[in-house]
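Chains as they are written, first to last, in our numbering: chain A, 15 to 181; chain B, 4 to 126.
Laid out in structure tokens, this is it:
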């Protein structure tokens, strides 16, 4: 079960490590790519242990606030932070859509040379999580694993049909 | 994360995901996607007792994934599409977060490389 309580994303970027690091750590650049199809506003970005990254993602009239507290920063090699949803005053709150989603996710990002490219690995692990939080995280992660993909595909087909029926 | 406009009550995603974790319950939902069905009709292909199926239906009902007719004696169950859509959308968005963000990062890196090459050309 331990494999589903960890979420790992690997990605190879076609750029030297120093450049990839800059795109992650220059708030102006970071705001341009972090968050899919949303307006990202970085209210604070203090890249040092104990420093905070206060992030807002806006789409339509909705807004999603999160806080990262950096734990470890190794230039061009590694960043570690605690990731949480927050309220408007940047206080940590539970996920507005899922009460049992872990309040704090330990996020580790590593940067490694791969020829002229850079391999980035991002790992999410629930931190000091309650049993319910671990179960919720494992449940969602389990759904993203292969076994659930087939079930998920069925669900998608059903939804397409249902939406077609409604229209 | 997009919210569904018409549900007065926020869908309970924890309950939905827990309900969806079970393969039998997913199969029941697939069955109901073809149209409403009674407990008997649902139980038929599963080699499962009626009480066992009823238990699964209760979990699905509590999660808001199905609703059951209270007027008709055989209490047919049918799918509630909106809550299902909310759960699928949430998972899709979650799954897409880093993938889509990283695609955007790819574009920025291409841009940075071009700028750097141009700067070097001027030196």
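All C-beta atoms in this analysis are idealised placements derived from N, C-alpha and C, irrespective of residue type, glycine included.
query: Which two residues bound the contiguous beta strand (DSSP E) that contains residue 68 of chain A?
result: 66-73
DSSP three-state assignment for residue 47 of chain A, whether helix, strand or coil: helix
task: Report the three-state DSSP secondary structure of residue 61 of chain B (helix, strand or coil).
output: In the structure shown, residue 61 of chain B sits in a helix (DSSP, three-state: H, G or I).
query: Taking 7 Å as the CB-CB cut-off, is residue 39 of chain B touching chain A?
result: no
message: Quick check on residue 52 of chain B: does DSSP put it in helix, strand or coil?
response: coil
query: So, is the C-beta of residue 51 of chain B closer than 7 Å to a C-beta in chain A?
result: Judged by the 7 Å Cβ criterion, residue 51 of chain B is not in contact with chain A.
query: On the three-state DSSP scale, how would you describe residue 140 of chain A?
result: strand
task: Determine, using beta carbons only, whether residue 112 of chain A comes closer than 7 Å to chain B.
output: yes
task: Please state if the CB of residue 50 of chain A and the CB of residue 127 of chain B are separated by a distance shorter than 7 Å.
output: Nothing in the structure corresponds to residue 127 of chain B, since chain B is present only between 4 and 126.
task: Report the residue from A:117, A:87, A:30, A:69 whose alpha carbon sits nearest the alpha carbon of residue 123 of chain A.
output: A:87
message: Helix, strand or coil for residue 106 of chain A? Go by DSSP, reduced to three states.
response: strand
field: Which residues DSSP lists as bridging residue 93 of chain A, in chain order
entry: In the DSSP output, where bridge partners are listed per residue, residue 93 of chain A has A:87, A:123.
message: Here's a check: name, in chain order, each residue in its chain whose Cβ is nearer than 8 Å to the Cβ of residue 102 of chain A, leaving out the five neighbours to either side.
response: 79
- request: Taking C-beta pairs closer than 8 Å, name the residues in chain A that residue 16 of chain B reaches, listed in chain order.
  value: 111, 112
- prompt: Where does residue 117 of chain A sit, in a helix, a strand or coil, going by DSSP?
  reply: Three-state result, residue 117 of chain A: coil.
task: Just the C-alpha distance for residue 35 of chain A and residue 46 of chain A, rounded to the nearest angstrom, thanks.
output: 14 Å
query: Should residue 15 of chain A go down as buried or exposed, given a rule of 16 or more other Cβ atoms within 10 Å for buried?
result: Confidence at residue 15 of chain A is low in this model, with a pLDDT of 41, below 50, so the placement of that residue should be treated as unreliable; the coordinate-derived value is given next. Exposed: under 16 other Cβ atoms inside 10 Å.
task: Using a threshold of 7 Å, state whether the C-beta atoms of residue 95 of chain A and residue 84 of chain A are closer than that.
output: yes
Three-state class that DSSP yields for residue 33 of chain B in the structure shown: Three-state DSSP puts residue 33 of chain B in a helix.
message: List, in chain order, every chain B residue whose beta-carbon is nearer than 9 Å to that of residue 27 of chain A.
response: 105, 108, 109, 112
task: Pull up the DSSP beta-bridge partners for residue 56 of chain A, would you.
output: A:69
- prompt: Between which two residues does the alpha helix (DSSP H) containing residue 119 of chain B stretch?
  reply: 84-125
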